[in-house]
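So the sequence lines, in the order shown, correspond to chains A and B.
In this text, residue positions in the first sequence follow my numbering: the first is 1, and each later residue adds one.
In this text, residue positions in the second sequence follow my numbering: the first is 195, and each later residue adds one.
For every residue, glycine included, the Cβ atom is placed at its ideal position computed from N, Cα and C.
Only one structure is covered here, and it is reproduced in the block below.
There are 2 protein chains.
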Amino acid sequence: MALNSLLAYINNYVSLTEEEERLLETYVTKRTYLKGQYILQQGDICRHSSFITKGCSKMFVVDADGQEHIIMLAVEGWWNSDIASFINQKPADFNIQCIEDTEIVQFHYDTIETVYTLVPKLEKFFRKILERGLAASQKRIIRNFTMTAKDRYLYFKASYPDIDQRIPQYMVASYLGITKEFLSKIKSQIAQER
Amino acid sequence: MALNSLLAYINNYVSLTEEEERLLETYVTKRTYLKGQYILQQGDICRHSSFITKGCSKMFVVDADGQEHIIMLAVEGWWNSDIASFINQKPADFNIQCIEDTEIVQFHYDTIETVYTLVPKLEKFFRKILERGLAASQKRIIRNFTMTAKDRYLYFKASYPDIDQRIPQYMVASYLGITKEFLSKIKSQIAQER
DNA sequence: GCTAAATGTTAATCTAGTTTAATATCTTTT
DNA sequence: AAAAGATATTAAACTAGATTAACATTTAGC
């Protein structure tokens with residue numbers, strides 16, 4: 001069940017007592033979305049920090065030309081939120097939309113500091129996953145600078161084989177920062193090399 | 195003096211008591227580096243999380259072709275560390291080198307968890323700056339996808355006018371993910387537009 | 001099972017940014 | 001103040017990836 005997978009995830013980083021788990025339960029809410037629904041829309045204020053327990057989402061911006069650019073693809077065990085919007089309670093730059101029917105467990109902005117006070121281990125937990133997130137984000141910037149589109153695609157496939165199967169190619173292309181046509185070309189190149 | 199600027203910075207995010215400040219002091223060390231010296235070298239394990247109190251540094255990788263790619267330029271009031279190396283105590287992918295004579299105040303990996311325990315506000319502090327760091331890193335990925343090199347340069351100049359003045363153009367180019375020749379072209383284009 | 005919509009492919013043309021190489025300028029050392 | 005090293009500019013040739021457009025295939029709704 002949804003809450004348990006969140007607890008199991010948190011317990012990989014810190015060890016919550018039974019009591020702390022009970023307390024935490026009272027501060028999170030479960031929500032479900034259908035494929036296509038938005039967890040967050042550009043311009044709205046991001047009120048929640050959401051943990052995906054089932055399904056798949058994309059976080060993206062729409063640029064001046066109406067083109068979609070995906071910064072993040074998330075499946076079970078990933079976090080979803082426009083952090084800048086969440087921490088400043090300012091309108092979001094990013095959209096978060098479900099690619100499959102999706103179930104999330106969420107913390108609300110208004111109570112999250114209370115949760116940190118009641119269960120300081122959760123502040124440690126978020127500190128740790130933010131460290132990992134920032135390290136990963138920096139490495140992604142470097143990959144985008146140093147690797148060709150083809151190598152980035154191969155890296156993506158190897159790193160996230162599960163995500164690669166579940167979402168359409170044109171979203172993978174957007175995540176990689178290239179056009180769907182060019183990804184198609186890359187794929188046929190790779191196929192010929194065999 | 196160095197320590198005071200760190201304390202002032204931390205107090206922007208959390209409010210330390212006199213006693214907490216005293217305690218913190220016993221866990222940080224000051225170091226100075228000359229221009230050109232390395233705070234961290236690729237392959238070494240990152241043992242410290244460093245706050246710059248004076249000077250300027252670059253964080254970069256050297257790719258297979260021997261080319262340098264800068265992920266981060268840091269001046270007074272910025273943090274420096276290869277986070278992945280620091281949290282996992284594994285060899286660093288990144289180098290951190292001083293561009294000017296530089297003074298830092300640093301936390302050591304071996305005692306930082308102790309500091310968090312003694313002064314939980316510091317865990318909150320790091321959680322907050324990591325949130326900001328991750329938000330900024332994600333926005334940079336999007337800028338790299340959506341903006342032309344010229345617009346990224348103008349954005350950089352506007353956002354970090356102080357850094358722009360202090361470091362050579364070829365490092366700005368590397369930070370922007372373009373060649374120094376192309377940045378030179380962009381600059382002459384901009385000059386002609388006036 | 002049919003139709004429409006969504007997704008994917010191919011190929012020609014185009015362009016932002018790279019590469020190479022030569023020259024210029026600025027900074028530091030002696 | 002000369003020489004050497006570091007930094008910056010310019011321009012020609014080149015390439016990774018974008019754009020456009022036509023067509024193919026797969027998926028979902030009825």
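Separation of residue j from residue i, as counted between CA atoms
i	j	result
A:K180	A:Q165	16 angstroms
B:L377	B:A268	20 angstroms
B:I306	B:E387	52 angstroms
A:P120	A:K35	35 angstroms
A:A158	A:A135	19 angstroms
A:D65	B:N338	16 angstroms
A:I45	A:Q67	22 angstroms
A:N12	A:L122	12 angstroms
A:I129	A:I10	10 angstroms
B:A202	B:M195	11 angstroms
A:I70	A:L118	36 angstroms
A:Y175	B:D345	21 angstroms
B:Q236	A:G77	31 angstroms
A:L154	A:R22	43 angstroms
A:I163	B:V222	42 angstroms
B:E213	B:E219	10 angstroms
B:S209	A:R127	18 angstroms
A:F60	A:N95	5 angstroms
B:K379	B:L197	42 angstroms
B:K224	B:V309	17 angstroms
B:E469	A:K187	Coverage of chain B is limited to positions 195 through 388, which leaves residue 469 of chain B absent and any answer about it impossible.
B:L200	B:I233	18 angstroms
A:A173	A:F156	10 angstroms
B:P285	B:V299	22 angstroms
B:Y364	B:M266	14 angstroms
A:G133	B:N282	13 angstroms
B:Y354	B:F301	26 angstroms
Segment limits, alpha helix (DSSP H) that includes residue i
i	result
B:V366	363–370
A:F145	120–146
B:F376	374–387
A:K150	149–159
Presumed contact (8 angstroms Cβ cut-off) between residue i and residue j, rounded CB distance
i	j	result
A:A149	A:I178	5 angstroms
B:Y303	B:F280	6 angstroms
A:E103	A:T32	5 angstroms
B:D257	A:T146	5 angstroms
B:Q332	A:S137	6 angstroms
A:I167	B:I335	Contact doesn't hold; Cβ gap of about 18 angstroms is too wide.
For residue i, the first and last residue of its enclosing beta strand (DSSP E)
i	result
B:S275	It is not in any beta strand (DSSP E) - B:S275 carries neither H nor E in the DSSP assignment.
B:Q300	296–302
B:L234	232–234
A:K90	Premise fails: A:K90 is in no beta strand (DSSP E) and is neither H nor E.
A:Y13	No beta strand (DSSP E) contains A:Y13, which DSSP labels as neither H nor E.
B:T226	222–227
B:M253	250–256
A:M72	68–75
Q) Using Cβ-Cβ distances below 7 angstroms, what residues of the stretch 249–282 of chain B are close to chain A? A) Residues of the stretch 249–282 of chain B that bring their beta carbon within less than 7 angstroms of a beta carbon in chain A comprise V255, D257, H263, I265, I277, A278, I281, in sequence order.
Q | Three-pair Cβ contact test at 8 angstroms for the stretch 259–279 of chain B versus the stretch 238–246 of chain B | A | Judged by Cβ distances under 8 angstroms, the stretch 259–279 of chain B makes contact with the stretch 238–246 of chain B, as three or more pairs qualify.
Q. At a Cβ cut of 8 angstroms, what residues of the stretch 107–132 of chain A count as close to chain B, listed as they run along the chain?
A. So the close ones are Y116, P120, E123, K124, F126, R127, K128, L130, E131, R132.
Q. Using 8 angstroms as the Cβ pair cut-off and three pairs as the minimum, do the stretch 246–264 of chain B and the stretch 291–299 of chain B touch?
A. Enough Cβ pairs lie closer than 8 angstroms, so yes.
**Q.** Short-range partners of chain B found in the stretch 137–159 of chain A, where Cβ spacing is below 8 angstroms
**A.** Residues S137, Q138, K139, R140, I141, I142, N144, F145, T146.
Q | Interface positions of the stretch 369–380 of chain B facing chain A (Cβ-Cβ less than 7 angstroms), listed along the chain | A | The residues in question are G371.
Q: Mind checking the stretch 211–222 of chain B against chain A and listing, in chain order, the residues whose C-beta falls within less than 9 angstroms of any C-beta there?
A: Among the residues of the stretch 211–222 of chain B, none has a Cβ less than 9 angstroms away from any Cβ of chain A.
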